[in-house]
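Chains as they are written, first to last, in the working numbering: chain A, 200 to 315; chain B, 98 to 509.
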Amino acid sequence: MQYMFQLFADESQFAKLPEAELHQLFGAYAAYTDAIKEAGVFVAGDPLQPTTTATCVTVAADGKTNVLDGPYPDIKEQLGGYYIVEVNDLDAAISWAARCPGASHGTIEIRPIMSM
Amino acid sequence: MSVASVAHAAAERVARESYGKLLAYVASRSGDLATAEDALADAFAAALERWPRQGLPDAPEAWLLVAARRRVIDGARRERRFERVRDALEAASPDVAFDQPDGDAIEDPRLAMMFACAHPAIAESVRGPLLLQVALGFDAARIASVFLVAPSAMSQRLVRAKRKIVATKIPLRVPPPEQRAERLDAVLAAIYATFVQGWDDPANVDPRVRGFVGEALWLGRFVVDLFPDEPEALGLVALMLHADARAGARRDANGDYVPLDAQDPTRWNATAIAEAEALIARAASFKRIGRFQIEAAIQSVHAQRRFGRKPNDVAILALYDALYALTRSPVVALNRAVSVGRVGGPAAGLAALDAIEATVDLRDYQPYWAARADLLARAGDRAAAQAAFARALGLTVDPAVRRYLSMQMTTR
Chain A
200 MQYMFQLFAD ESQFAKLPEA ELHQLFGAYA AYTDAIKEAG VFVAGDPLQP TTTATCVTVA
260 ADGKTNVLDG PYPDIKEQLG GYYIVEVNDL DAAISWAARC PGASHGTIEI RPIMSM
Chain B
98 MSVASVAHAA AERVARESYG KLLAYVASRS GDLATAEDAL ADAFAAALER WPRQGLPDAP
158 EAWLLVAARR RVIDGARRER RFERVRDALE AASPDVAFDQ PDGDAIEDPR LAMMFACAHP
218 AIAESVRGPL LLQVALGFDA ARIASVFLVA PSAMSQRLVR AKRKIVATKI PLRVPPPEQR
278 AERLDAVLAA IYATFVQGWD DPANVDPRVR GFVGEALWLG RFVVDLFPDE PEALGLVALM
338 LHADARAGAR RDANGDYVPL DAQDPTRWNA TAIAEAEALI ARAASFKRIG RFQIEAAIQS
398 VHAQRRFGRK PNDVAILALY DALYALTRSP VVALNRAVSV GRVGGPAAGL AALDAIEATV
458 DLRDYQPYWA ARADLLARAG DRAAAQAAFA RALGLTVDPA VRRYLSMQMT TR
């Protein structure tokens, strides 16, 4: 079963981190990604550039396009990255999500991917 | 304090101290925990509504018991099932005194309930959570958080387990003497499982994910009170006390992780250690060794540091040898390999690590990689150590331990 982890965190906190801590955080993510790959459950995963680079597109019923700067929901914690893992069940997914560095400075939403 | 808040405080106190006992009494005749839980919840709600108006009853527990039993009868009447009505009527019969045990010479019906929760027919992974819900009244969501399981899933598993108790007629009864040792082991293992799950939050301070360390200790002591001559029960409580005694030393002033070797013994809880040692001594007098006594003994040797002595690594290894012979557990084999590394040097430790037959997959087990990394670093194989530290880091849940491993990577 495939699950997507959506990593939500307050972007503004990263800007405040000292160099050494930032370095450690990247190391932690690298180690976590490697661990998922070694375990054979990694399907995909990427960090996303900050929400200042986001653009939203909608098309109205009459075909009128609307393009806006900025992220879609204006919330305290923004989507910063994702992983897709292939595991046996939700328990296993939760177990991996708990190890993700994103879980200790934000929230990880786990959602099963619809099988078509 | 207002009358309402006095009533609330009283209800809460009764809930914490007597929930399990009341539940056991209400459920004792029908064996139906789920119905009993609902009835008890209604009774508590009624108490919170009536006590502020009518004043606190003289015997709050008895009031709740009668109220809950009445609701069970009402429920049975509504379903028009003769058997349930008959059982419920018997349950509410006035000649069942509050202290009267049901058949066996037990003093507290909670114990019978705990044996039911750890019955072999109940899935092993659900026994600890079931104990927490049934004996202490915790809700599925709180239990789920600590056991790292989705709340809905935990809720379902608990419901299924309780249904199984009713459907297969698992008796709410202390097992007969010939089964007692084995069944008691299962109860102790379930209590230990709840203790271990709380361990990742050593200071037990994070209200979001506070573990069940205190509750596990309470359950363990409860079993010891009722089975004072069972050495494994004494051993379990001693083991938990030793581990919990060090809770205050596992984090430094900055919130950073402090491994056992580096802990300051003056920050260990001396009273808890003293109690643990007394329990170990008493357990030994029965001359019936078991896994919890051995684990407690290992903790005891580690705790020798409080006298300014280095821990006796040879003694610890001998204890792990005995524990492995008894359990053949891969986790024990892992801890034993660490011990071999201390006694025989890192190369011997690595050899012991390699020899572990992984019946359980150690590939994703964080302590395995942390141990391997430490041994490799001490053996001077820096590249392999780095890779192992990174692997351990990637498998770590606790951010303080992640920082610690990160530090190890840069300095070793």
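Cβ atoms here follow ideal geometry from the backbone N, Cα and C, with glycine treated the same way. Note that the structure is a prediction, hence the values are computed from the model and not measured.
Buried versus exposed call for residue i [16 or more other C-beta atoms within 10 Å across all chains shown]
i                : result
Cys214 (chain B) : buried
Ile312 (chain A) : exposed
Pro325 (chain B) : exposed
Leu53 (chain B)  : Here chain B has residues from 98 to 509 only, and residue 53 (chain B) is not among them.
Ala287 (chain B) : buried
Glu114 (chain B) : exposed
Gln463 (chain B) : buried
Asn287 (chain A) : exposed
Pro246 (chain A) : exposed
Arg178 (chain B) : Bear in mind that the predicted position of Arg178 (chain B) carries a pLDDT of just 49, short of 50, making it too unreliable to give a figure here.
Ser102 (chain B) : exposed
Ser436 (chain B) : buried
Lys263 (chain A) : exposed
His216 (chain B) : buried
Leu472 (chain B) : buried
Ser382 (chain B) : exposed
Residues that residue i contacts on chain A, provided the C-beta gap is smaller than 7 Å
i                : result
Val494 (chain B) : Ala297 and Arg298
Arg150 (chain B) : Here the premise fails: no neighbours, minimum Cβ distance about 43 Å.
Arg254 (chain B) : Near Arg254 (chain B) there are no residues of chain A at all, since even the closest Cβ is about 10 Å away, more than 7 Å.
Arg385 (chain B) : Going along chain A, no residue has its Cβ under 7 Å from Arg385 (chain B), so there is no contact; the nearest lies around 36 Å.
7 Å Cβ shell around residue i - same chain, five flanking residues per side excluded
i                : result
Ala476 (chain B) : Pro443, Ala444 and Leu447
Glu109 (chain B) : none
Asp268 (chain A) : Thr254
Glu296 (chain A) : Inspection of the sequence shows that residue 296 (chain A) is occupied by Ala rather than by Glu. The residues are Phe204, Ala302, Ile307 and Ile309.
Glu374 (chain B) : Ser397
Ala140 (chain B) : Leu161, Ala164, Ala165 and Arg168
Ala378 (chain B) : none
Tyr271 (chain A) : Cys255
Arg499 (chain B) : Leu490 and Thr493
Lys275 (chain A) : Asp209
Cut-off 8 Å between Cβ atoms - residues of its own chain near residue i, not counting five sequence neighbours on either side
i                : result
Lys266 (chain B) : Gly128
Pro356 (chain B) : Tyr501
Asp341 (chain B) : Val310, Leu314, Asn366 and Ala369
Gln212 (chain A) : His304
Ala264 (chain B) : none
Arg433 (chain B) : Leu414, Tyr417, Asp418, Leu420, Tyr421 and Ala449
Arg318 (chain B) : Val334
7 Å Cβ cut-off: residues of chain B touching residue i
i                : result
Gly226 (chain A) : Ser503
Leu289 (chain A) : Ala247 and Ala250
Tyr231 (chain A) : Gly491
Ala234 (chain A) : Arg488, Gly491 and Leu492
Ser303 (chain A) : Pro496
Contact set between residue i and chain B, taken where Cβ atoms lie within less than 9 Å
i                : result
Gln277 (chain A) : Those within 9 Å of Gln277 (chain A) in chain B number zero; the least Cβ separation is about 20 Å.
Glu237 (chain A) : Arg460, Asp461, Arg488 and Gly491
Ala243 (chain A) : Under the 9 Å cutoff, chain B gives no residues; its nearest Cβ is about 17 Å from Ala243 (chain A).
Beta-carbon proximity list for residue i, same chain, < 6 Å, skipping 5 on both sides
i                : result
Arg439 (chain B) : Asp410
Val302 (chain B) : Only weak support exists for where Val302 (chain B) lies, its pLDDT of 44 falling under 50; the value from the coordinates is given anyway. So no residue of the chain qualifies.
Ala241 (chain B) : Pro248 and Met251
Ile316 (chain A) : Since the displayed chain A opens at 200 and closes at 315, residue 316 (chain A) lies outside it and no answer follows.
Glu279 (chain B) : none
Tyr202 (chain A) : Val284, Ala292, Ile309 and Pro311
Ile219 (chain B) : Ala258
Arg388 (chain B) : Leu423 and Thr424
Proximal residues of chain A, C-beta to C-beta of residue i below 9 Å
i                : result
Arg509 (chain B) : Under the 9 Å cutoff, chain A gives no residues; its nearest Cβ is about 15 Å from Arg509 (chain B).
Arg348 (chain B) : Correct list: empty, because the minimum Cβ distance to chain A is about 15 Å.
Endpoints, beta strand (DSSP E) assigned at residue i
i                : result
Arg310 (chain A) : Gly305 to Pro311
Asp245 (chain A) : Phe241 to Pro246
Gly280 (chain A) : Gln277 to Glu285
Gln205 (chain A) : Gln201 to Ala208
Residue range of the unbroken alpha helix (DSSP H) whose run includes residue i
i                : result
Ile293 (chain A) : Leu289 to Arg298
Tyr421 (chain B) : Asp410 to Thr424
Ile453 (chain B) : First-last for Ile453 (chain B): undefined, no H or E at that position.
Ile62 (chain B)  : The requested residue 62 (chain B) is not part of the displayed model; chain B covers only 98 to 509.
Ile274 (chain A) : Looking at the DSSP string, Ile274 (chain A) is not in any alpha helix (DSSP H), and its letter there is neither H nor E.
Lys236 (chain A) : Glu218 to Glu237
Glu312 (chain B) : Val310 to Leu323
Per DSSP, cross-strand counterpart(s) of residue i
i                : result
Asp268 (chain A) : A:Thr254
Val243 (chain B) : Answer by DSSP bridge pairing: none, since Val243 (chain B) is not bridged.
Phe389 (chain B) : Answer is none; Phe389 (chain B) lacks a bridge partner.
Tyr354 (chain B) : B:Arg348
Contact list for residue i against chain A, beta-carbon separation under 8 Å
i                : result
Arg500 (chain B) : Gln223
Chain-ordered chain B contacts of residue i [CB-CB under 8 Å]
i                : result
Ile293 (chain A) : Leu245, Val246 and Ala247
Ala219 (chain A) : Result: empty, since nearest Cβ-Cβ is about 10 Å, beyond 8 Å.
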